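The structure under discussion appears below in the form of structure tokens.
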Amino acid sequence: MMKSLIALLPFVSLALGSTRPFLSHRQANVSSTSVNPVGVESGARCACKKLVTSYSDLVLLPGSANYTAQTIYYWDVRSDMDPGCIFLPKTADQVCNAVEIFTTCDAQFAVRGGGHMNYPGSNNIEGGVLLAFNNMNDYKVHNDTIDVSPGMTWYDVYSALDPYGRAAIGGRLKTIGVPGLTLIGGVSYFINKYGFAMDNVVSYDVVLGNGTQVIANATSHPDLFWALKGGANNFGIVTKFTLKTYSMPHISTTIQEFNESGVYDFLKATCDWVVGDSETTIAAGSVLDISYNVTTGEMSPMLLGVQEGISNPPSMFKNFTAIPGTYKINNVTTAKQWASNLDSPKQMFRVMFAHHSMYPDPDVLYSMYQTWKSAIDQIADVEGLYPTMVFNIAPASAAKVAQTNGVGNVWGLAGEPLIWWQFSTGWSNAKDDLRVESTIRQLTEHLHGLNKANGLAREFVYMGDAGEWQDPFAGFPGENVQRMREIRADYDPRGTFSRLNWGGFKLGF
Ligand SMILES: Cc1cc2nc3c(=O)[nH]c(=O)nc-3n(C[C@H](O)[C@H](O)[C@H](O)COP(=O)(O)OP(=O)(O)OC[C@H]3O[C@@H](n4cnc5c(N)ncnc54)[C@H](O)[C@@H]3O)c2cc1C
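If you use mature numbering (1 follows the signal peptide of the UniProt record, and there is no 0), the sequence shown corresponds to residues -17 to -1, 1 to 492, in order.
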């Protein structure tokens, strides 16, 4: 029962396979390899050779089955590429050595954690070196923190903490990676009380662009500590996160689906939830979306609601519970058990995100929803089309955590309730890429433009919800961006992470 319900979720499907016939035997593109005037190899070929010499058992080369398996370790099929080689370090020292090799060889490289960031090149590279963290999964549980390695998923973290009745502040689905989500911010089920995932990191072990290691925390390299809170992969490679944990032996959950006739009430409840959630002491959060079945033409609003404790049904979602729905399933469970049902498998589909922020207004949201529906109708013939409109809520209380914890983060959110509205659009075939991507991009910017005119638009863009063309840094306070650039210049004067490291959202110049 649970599995069939979960298959309806925006990002989650148990039904789609992971075949990628068109990529299975491609040769690596070696065009990034070059030979300098004195005949010394540089680029990816140089780096791959050196890595093989030092770590032959940790390097995968094109042609091996293990290499092929790694090239499809991505949620978005569009992210599949063919690196010149793949390095799977086991220790932070090996990551240091690899970075040294990349800079010595002047080799382009990409870094991958859980492989969920979705756009080509965000976490992968054609012909360069891919450093992937599949072999780094150690963790250590302390009284009120956990040390986490960058190969772990959030399910791994919740599983590690389960015997202690504790939880960390992290991703809402099972297989999202810890490093990517934590470095870009991190929306959890408990943001109203504990802030974002980044606000709950007490220490980072970081490999810098010169191949040395530092620890960044409140007393050691505090400037880098701040910059890593939302600054993404612009400063170094994180080899260990120390995360706060909280006593959470039980959580109360609800899964609710509604008919299309309930869309307005659903949007109203969403706005009331984010606006009214500023003074609560109960940690709670949600996944809220409307998905469109292009075959039946039906819209299905859905809520996944979670709160700490055992109140059943969860009290924080009473506005949704009051709306007649097609089903409502309430449960008291654990964070591990809940996450275990929420898989987002690799190779799910081709998929693009697109998003902007706004002050909550149900009438405007409803009109945006109608415009989205009309736009989707125009591309309904695209094979495998899987359109979803998502509403991530960012209550004022979430921003207050960084405002009052003495550290802050790079976002500098003002502390007003926001809805991060997002389109997540999946489809099957590469031939439709441009059509789907341009339709959704135009629609997104059109709606944001209307919201600018009516005063509801906000310029904050979350990297976890953004499309590849968007610039999240443009929505951060200018002084924070300036400070991040100065910190980057101090910690990465060679430009390893701006010149050689591809992917993610780069700070720019
Ligand atoms: C199905 C789905 C559900 C999602 N749900 C949520 C959610 O609940 N909450 C939320 O906030 N976001 C969510 N997101 C967005 C998600 O947080 C980002 O996609 C995030 O980047 C995923 O982390 P990852 O480790 O899997 O990413 P990857 O794709 O592996 O990496 C993302 C970026 O981080 C860089 N990186 C990875 N590891 C390191 C490292 N150790 N050091 C430095 N840089 C590194 C990579 O180079 C890449 O640029 C979701 C995304 C998807 C697709």
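In this text, a Cβ means the ideal position worked out from N, Cα and C, and glycines have one as well. Note that the structure is a prediction, hence the values are computed from the model and not measured.
Hey, would you say residue i sits closer than 7 Å to residue j, going by beta carbons?
| i | j | result |
| --- | --- | --- |
| phenylalanine 336 | proline 284 | no |
| aspartate 145 | lysine 319 | yes |
| alanine 322 | glutamate 291 | no |
| alanine 180 | leucine 164 | yes |
| serine 132 | asparagine 120 | yes |
| serine 156 | leucine 325 | The residue asked about is misnamed: residue 156 is leucine in this sequence, not serine. It is a contact, given that the beta carbons lie within the stated cut-off. |
| leucine 226 | alanine 151 | yes |
| phenylalanine 303 | leucine 286 | yes |
| threonine 222 | valine 78 | yes |
| asparagine 118 | leucine 71 | yes |
| asparagine 175 | threonine 263 | yes |
| glutamate 243 | glycine 308 | no |
| tryptophan 410 | arginine 333 | yes |
| lysine 329 | tyrosine 56 | yes |
| alanine 93 | alanine 30 | no |
| tyrosine 445 | tryptophan 404 | no |
| isoleucine 238 | isoleucine 159 | no |
| tyrosine 275 | proline 370 | yes |
| tryptophan 355 | methionine 341 | no |
Rounded to whole angstroms, what's the CA-CA distance from residue i to residue j? Just pull it up for me.
| i | j | result |
| --- | --- | --- |
| glutamine 465 | glycine 168 | 19 Å |
| methionine 299 | valine 190 | 41 Å |
| valine 170 | glutamate 83 | 33 Å |
| isoleucine 129 | valine 246 | 40 Å |
| asparagine 484 | tyrosine 102 | 15 Å |
| aspartate 127 | arginine 149 | 8 Å |
| isoleucine 220 | aspartate 346 | 44 Å |
| tyrosine 141 | methionine 135 | 10 Å |
| histidine 233 | aspartate 63 | 38 Å |
| glycine 268 | asparagine 437 | 28 Å |
| valine 258 | histidine 431 | 20 Å |
| proline 66 | leucine 207 | 30 Å |
| histidine 8 | glycine 46 | Below a pLDDT of 50, predicted positions are generally treated as unreliable, and histidine 8, at 28, falls in that range; no measurement from the model is reported. |
| tyrosine 147 | alanine 385 | 27 Å |
| leucine -10 | aspartate 76 | Any answer about leucine -10 is weak, because its pLDDT of 39 lies below 50 and its placement is not dependable; what the coordinates show is given next. For leucine -10 and aspartate 76, the distance between alpha carbons rounds to 43 Å. |
| valine 13 | valine 419 | A caution first: valine 13 carries a pLDDT of 34, below 50, which makes its placement in the model unreliable, though a value can still be read off. Computed Cα separation, rounded: 30 Å. |
| glycine 26 | tyrosine 50 | 20 Å |
| aspartate 475 | phenylalanine 456 | 19 Å |
| asparagine 463 | asparagine 217 | 14 Å |
| phenylalanine 406 | threonine 54 | 26 Å |
| threonine 236 | serine 294 | 9 Å |
| glycine 487 | glutamate 442 | 19 Å |
| tryptophan 394 | glycine 213 | 7 Å |
| isoleucine 306 | aspartate 182 | 34 Å |
| proline 400 | histidine 339 | 14 Å |
| threonine 195 | valine 185 | 20 Å |
| phenylalanine 85 | glycine 111 | 10 Å |
Check whether the Cβ of residue i lies closer than 6 Å to any heavy atom of ligand 1, and answer yes or no.
| i | result |
| --- | --- |
| arginine 95 | yes |
| tryptophan 58 | yes |
| proline 378 | no |
| proline 232 | no |
| methionine 299 | no |
| leucine 156 | yes |
| valine 184 | no |
| asparagine 216 | yes |
| histidine 204 | no |
| valine 221 | yes |
What does DSSP give as the partner residue(s) for residue i in the beta ladder?
| i | result |
| --- | --- |
| glycine 268 | Val289 |
| phenylalanine 374 | Trp404 |
| phenylalanine 70 | Val42 and Leu114 |
| isoleucine 198 | Asp188 |
| threonine 128 | Lys227 |
| glycine 160 | Thr136 |
| asparagine 313 | Thr237 |
| valine 221 | Val189 |
| isoleucine 273 | Pro284 and Met372 |
| asparagine 484 | Phe92 |
| phenylalanine 492 | Bridge partners of phenylalanine 492: none, in fact. |
| glycine 409 | Val334 and Tyr369 |
Which two residues bound the contiguous alpha helix (DSSP H) that contains residue i?
| i | result |
| --- | --- |
| methionine 467 | 461 to 474 |
| valine 124 | No alpha helix (DSSP H) contains valine 124, which is instead part of the beta strand (DSSP E) from 122 to 124. |
| valine 246 | 246 to 259 |
| arginine 418 | 416 to 437 |
| alanine 48 | 48 to 54 |
Which residues bound the beta strand (DSSP E) around residue i?
| i | result |
| --- | --- |
| glutamate 240 | 234 to 240 |
| methionine 299 | Unbroken run through methionine 299: none, as it is neither H nor E. |
| phenylalanine 208 | Per DSSP, phenylalanine 208 belongs to no beta strand (DSSP E); it is in the alpha helix (DSSP H), 205 to 210. |
| valine 384 | No beta strand (DSSP E) holds valine 384; the alpha helix (DSSP H) holding it covers 379 to 387. |
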